[in-house]
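Under our numbering, the very last position in the sequence shown is 310; numbers go up by exactly one each time. These notes concern the structure reproduced below.
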Amino acid sequence: VIGFQQDIETYSLNDLRVWYEKYYAPNNATLVVVGDVNPVKVVALAKQYFGDYAFNPNIKPSNRTATTLRGNSKVLKLKAELPFYVLSFPAPSLKTATDKSTPYKLEMLAYVLDNGLSKSLIRNQQIASSIGVGYRLYDKYDTLFTLSFIPASGVSNDTVLKAIKTQVDELINNPDFIQGELSRTKAQLEADFIFEQDQISTQSHYLGMLSTVGLGIDKMFTYVDNMNSISATEVSAIAKHYLNFDDANSVELIPQGVK
C-alpha cells in the first residue's frame with residue numbers, strides 16, 4: 052500500500068527521486084546477516100559495500116498520529132463473479148499498545164476465530180467458501196483486526212455476517228466455548244515457531260523487521276511464552292472490548308457479473 056489513488060496519480064518522477072535520496076540512507080536501514088559467518092568479515096564487507104553511502108541527519112522519526120475511522124461502510128458494485136465482505140476493527144499493535152499483553156491477546160483471538168469460523172461456517176454449516184481473520188502484531192503504528200469472507204454459492208453476505216456475529220457473541224459470553232480451540236492453537240503456534248527456526252530466511256525476516264520497527268529482537272524469542280500464557284477468559288474479554296460491530300469499518304463487494 053503506497054497511498055490513496057488520488058495521491059498516487061499526482062506523483063511525479065521528481066517526488067520519487069527526492070523521497071529516495073532522503074530515506075535510502077545507512078542510518079535508515081537494518082542489515083541482517085544470518086548463518087555460519089565470521090562477524091569480523093561481515094563488518095568489513097558491510098563497510099566495503101555500504102560505507103560510501105552518506106549518513107542523512109534529516110531523517111527523523113515521524114510523530115504523526117494515524118486517523119482512526121470507525122463505523123464507516125462502503126458498498127462496491129463491480130464486474131466480478133463472487134461477492135466479498137471485509138470488516139476491520141481499529142486496534143493497537145505491540146509497538147503502540149500501553150498494555151503489552153493486549154496485542155498478544157488480539158493475536159490469539161485472530162487465530163482462534165480464524166480456525167473456529169472456518170470449521171463452523173465453511174465445513175459444518177457450509178454457508179461460506181472462504182473466511183480469513185487477521186491481525187498485524189508487529190506494525191509500527193496502530194493497526195487493524197480484520198475479518199473477511201466469501202459466501203458460499205447462493206448465500207448472501209448478510210447471512211454469513213449474522214452467523215459470524217452469533218459466534219463472536221458465543222465466544223464473548225461463554226469462554227469455555229473456545230477452550231479446545233485455544234489449546235490446539237497454542238500447540239500449533241509452538242510447533243510452527245520451532246519449525247520456522249530451521250529456516251534462516253524466517254529468522255532474518257523477524258530479526259530485521261523487529262529491529263526496524265523498534266521493538267527489539269528479544270520479542271522473537273518471547274512470542275511463544277506470551278501466547279501460551281493467555282487464557283480463554285482473556286480472549287473473551289479482548290473480543291468484547293475490540294469487536295464492536297457498530298464501530299467496524301466495512302467494505303462489501305456486490306458482483307455485477309463478468310461479461
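We put the beta carbon where it would ideally sit given N, CA and C, even for glycine.
- Shown here, residue 167 sits in a helix according to DSSP, grouped into three states.
- From the listed residues 176, 167, 199, 195, the smallest Cα separation to residue 182 is found for 199.
- Burial of residue 139 is indicated by the presence of at least 16 other C-beta atoms within 10 angstroms of its C-beta.
- Of the residues assessed, residue 108 falls on the exposed side of the cut-off, its CB having fewer than 16 other CB atoms within 10 angstroms.
- Residue environment for residue 265: exposed (fewer than 16 other C-beta atoms within 10 angstroms of its C-beta).
- Excluding its 5 nearest sequence neighbours in each direction, residue 261 has C-beta neighbours in its own chain below 8 angstroms: 189, 267, 268, 270, 271, listed in chain order.
- Secondary structure of residue 107 (DSSP, three-state): coil.
- Annotation for residue 86: 251 place their beta carbon closer than 7 angstroms to its own, counting only its chain and skipping 5 residues before and after.
- The closest CA to that of residue 308, considering only 217, 132, 75, is found on 132.
- Bounds of the alpha helix (DSSP H) holding residue 231 are 230-247.
- DSSP, read as helix, strand or coil, puts residue 252 in helix.
- Taken through DSSP and simplified to helix, strand or coil, residue 196 comes out as strand.
- With a cutoff of 9 angstroms on beta-carbon distance, residue 142 and residue 196 are scored as near each other.
- Around the beta-carbon of residue 162, 16 or more other beta-carbon atoms lie within 10 Å, marking it buried.
- The Cβ atoms of residue 219 and residue 157 lie no closer than 9 angstroms to each other.
- In the three-state scheme derived from DSSP, where H, G and I count as helix and E and B as strand, residue 123 is classed as coil.
- Judged by DSSP secondary structure, residue 296 falls outside any alpha helix (DSSP H); it is assigned neither H nor E.
- Excluding the 5 residues flanking it on each side, residue 169 has same chain C-beta neighbours closer than 8 angstroms at 182, in chain order.
- The distance from the Cβ of residue 184 to that of residue 165 is about 4 angstroms, consistent with a contact at the 8 angstroms cut-off.
- Judged by beta-carbon spacing, residue 81 lies beyond the 9 angstroms limit of residue 210, meaning their Cβ atoms are not closer than that value.
- Annotation: the continuous alpha helix (DSSP H) that includes residue 90 extends over 90-101.
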